[in-house]
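Notes follow once the structure below has been shown.
Number of protein chains: 2
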Amino acid sequence: MPKLKLTYFDFNGGRGEANRLAMAIGNVPFEDKRIPMSEWPELKPGVRFQALPVLEIDGEEIAQSNAINRYVGRLGGLYPDDPLEAARCDEIMDAMEDVTNKLVPTLFLSDEEEKRKAREALAEGPFKLYLERLGKVLEERGGEYFADGRLTVADLRVFLWVRHLRSGALDYVPKDLTDRLAPNLVEHFERVNSHPAIVDWYAKH
Amino acid sequence: MPKLKLTYFDFNGGRGEANRLAMAIGNVPFEDKRIPMSEWPELKPGVRFQALPVLEIDGEEIAQSNAINRYVGRLGGLYPDDPLEAARCDEIMDAMEDVTNKLVPTLFLSDEEEKRKAREALAEGPFKLYLERLGKVLEERGGEYFADGRLTVADLRVFLWVRHLRSGALDYVPKDLTDRLAPNLVEHFERVNSHPAIVDWYAKH
Numbered sequence: 205m206p207k208l209k210l211t212y213f214d215f216n217g218g219r220g221e222a223n224r225l226a227m228a229i230g231n232v233p234f235e236d237k238r239i240p241m242s243e244w245p246e247l248k249p250g251v252r253f254q255a256l257p258v259l260e261i262d263g264e265e266i267a268q269s270n271a272i273n274r275y276v277g278r279l280g281g282l283y284p285d286d287p288l289e290a291a292r293c294d295e296i297m298d299a300m301e302d303v304t305n306k307l308v309p310t311l312f313l314s315d316e317e318e319k320r321k322a323r324e325a326l327a328e329g330p331f332k333l334y335l336e337r338l339g340k341v342l343e344e345r346g347g348e349y350f351a352d353g354r355l356t357v358a359d360l361r362v363f364l365w366v367r368h369l370r371s372g373a374l375d376y377v378p379k380d381l382t383d384r385l386a387p388n389l390v391e392h393f394e395r396v397n398s399h400p401a402i403v404d405w406y407a408k409h
Numbered sequence: 205m206p207k208l209k210l211t212y213f214d215f216n217g218g219r220g221e222a223n224r225l226a227m228a229i230g231n232v233p234f235e236d237k238r239i240p241m242s243e244w245p246e247l248k249p250g251v252r253f254q255a256l257p258v259l260e261i262d263g264e265e266i267a268q269s270n271a272i273n274r275y276v277g278r279l280g281g282l283y284p285d286d287p288l289e290a291a292r293c294d295e296i297m298d299a300m301e302d303v304t305n306k307l308v309p310t311l312f313l314s315d316e317e318e319k320r321k322a323r324e325a326l327a328e329g330p331f332k333l334y335l336e337r338l339g340k341v342l343e344e345r346g347g348e349y350f351a352d353g354r355l356t357v358a359d360l361r362v363f364l365w366v367r368h369l370r371s372g373a374l375d376y377v378p379k380d381l382t383d384r385l386a387p388n389l390v391e392h393f394e395r396v397n398s399h400p401a402i403v404d405w406y407a408k409h
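Chain order of the listed sequences is A and B. Each position in the first sequence, counted from 1, maps to that position plus 204 in my numbering. Each position in the second sequence, counted from 1, maps to that position plus 204 in my numbering.
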């Protein structure tokens, strides 16, 4: 097994969290380097694309959270071998990246009215679309998991998004949005959330 | 070989173009369905995430251009088998998707002054960063290709971006930006551009 070090911000969410969960579930040992936001400005210029997470693999830096998901997913048995199943898994991870890209600009709005408008537009636009479509895809694929009939890194990304939505942490996005638009994604959330390795991980973090 | 149909807009660029080139180079037969923009509003609601390209694989729809690149890359020998080489390939494809996401909003600006500001900020900000960093990564990986010591789908995405930049099609982005910031990406561009299957493809398109 290569020596792995994941560098990401010091909270249990964001793009790096699926990387951590994939390694925890797959029993892939790694150094979980969490940096405080105060250290980021100094670190940033030296990071490959000036963004986190990055994974060091025997000292070699690899950027991009979904590239990392795929790599550690292969090591830990959470990424499909079959090309079509891999495509189903990849499609969902990239869709979640689209959602993240739409969310991120609204995280740093200081004007409350501007934030309200942006978040309401998100909830009624892309979030509604992706929830409904992901619910439909999940149903078409048997209702339990997004690829390969088992837990993969795609499920981890959807799980983390639905958890974020349902937590109420996003002002002006109704926390029951998933429950109303895609009840099967709530069942999917509960399915992943009760995985013993995830329960164990969050008992410690 | 599964029956493949790629649906994308009717021009030789954008997110779907690497999909086409990967299949052309890999001798993967496919239906190259090109739709005029005028048909898009009618088609859009029925497409998985309301975005193109999509690939039908024996009738099953798969969205997301890099998921498609990976799938057809596997079929045509343009995607690495080795997990670390695959991570190197994935990282570059996802970086190119970041660049595309930064570019796209500037394509639809009607106010000329607003467009000038946005494009100049792109050129001096993310474009400069990604060109310099990609040039450095290419050098670290031997100077010829981004992964696996041979042509992969990662090279196709970088090739298409550099071609776009050097074409002068982007107003207010200097067409010699790549030549000035990352001369080895220009050599890489020439390397990919002279591949017999690419020469052959563009002789017909």
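C-beta atoms are modelled at their ideal positions from N, C-alpha and C, and glycine is treated no differently. Predicted, not measured: the structure shown is a model, and the values here were computed from it.
Simplified DSSP state of residue i, which is helix, strand or coil
i	result
R292 (chain B)	helix
V258 (chain A)	strand
Y275 (chain A)	helix
Y406 (chain A)	helix
L364 (chain B)	helix
R395 (chain B)	helix
V303 (chain A)	helix
R384 (chain B)	helix
G281 (chain B)	coil
F253 (chain A)	coil
R224 (chain B)	helix
L313 (chain B)	coil
D298 (chain A)	helix
Spatial distance of residue i from residue j (CA atoms)
i	j	result
E318 (chain A)	E221 (chain B)	37 Å
R224 (chain B)	L279 (chain A)	31 Å
G217 (chain B)	A373 (chain B)	12 Å
K418 (chain A)	L326 (chain A)	Outside the shown range of chain A, which is 205 to 409, sits residue 418 (chain A), and nothing can be said about it.
L256 (chain A)	P206 (chain A)	20 Å
D298 (chain B)	Q268 (chain A)	6 Å
E391 (chain B)	L335 (chain B)	13 Å
V396 (chain B)	Y275 (chain B)	20 Å
R337 (chain A)	P387 (chain B)	43 Å
E265 (chain A)	E246 (chain B)	44 Å
M227 (chain A)	T310 (chain B)	38 Å
E295 (chain B)	S371 (chain A)	31 Å
R252 (chain B)	V366 (chain B)	29 Å
F234 (chain A)	L333 (chain A)	36 Å
A401 (chain A)	K408 (chain A)	11 Å
E348 (chain A)	Y406 (chain B)	44 Å
P284 (chain A)	E243 (chain B)	35 Å
R354 (chain B)	D383 (chain A)	47 Å
F393 (chain B)	K379 (chain A)	48 Å
D262 (chain A)	L210 (chain A)	11 Å
D359 (chain B)	F350 (chain B)	6 Å
G339 (chain A)	L389 (chain A)	6 Å
S398 (chain A)	L364 (chain A)	13 Å
D236 (chain A)	R238 (chain B)	46 Å
G281 (chain B)	A322 (chain A)	43 Å
C293 (chain B)	F312 (chain B)	30 Å
E328 (chain B)	L385 (chain A)	42 Å
Limits of the alpha helix (DSSP H) - the one that residue i falls within
i	result
L479 (chain B)	Residue 479 (chain B) lies beyond the stretch modelled for chain B, which goes from 205 to 409, so this question has no answer here.
E243 (chain B)	From DSSP, E243 (chain B) is part of no alpha helix (DSSP H); its letter is neither H nor E.
D380 (chain B)	Where D380 (chain B) is concerned, there is no enclosing alpha helix (DSSP H), given that its DSSP letter is neither H nor E.
N231 (chain A)	Note, N231 (chain A): premise wrong, no alpha helix (DSSP H); not H, not E.
DSSP bridge partner residues for residue i (one or two, in chain order)
i	result
A267 (chain B)	B:V258
R238 (chain B)	B:Y212
Start and end residues, beta strand (DSSP E) containing residue i
i	result
T211 (chain A)	208-213
Test: residue i CB closer than 9 Å to a CB of chain C
i	result
P257 (chain A)	Of the protein chains in this structure, namely A and B, none is chain C.
Can you check the region 315-358 of chain A for any alpha helix (DSSP H) of at least 4 residues that lies completely inside it and give the ranges in chain order? Within the region 315-358 of chain A, the complete alpha helix (DSSP H) runs of at least 4 residues are 316-326, 332-344.
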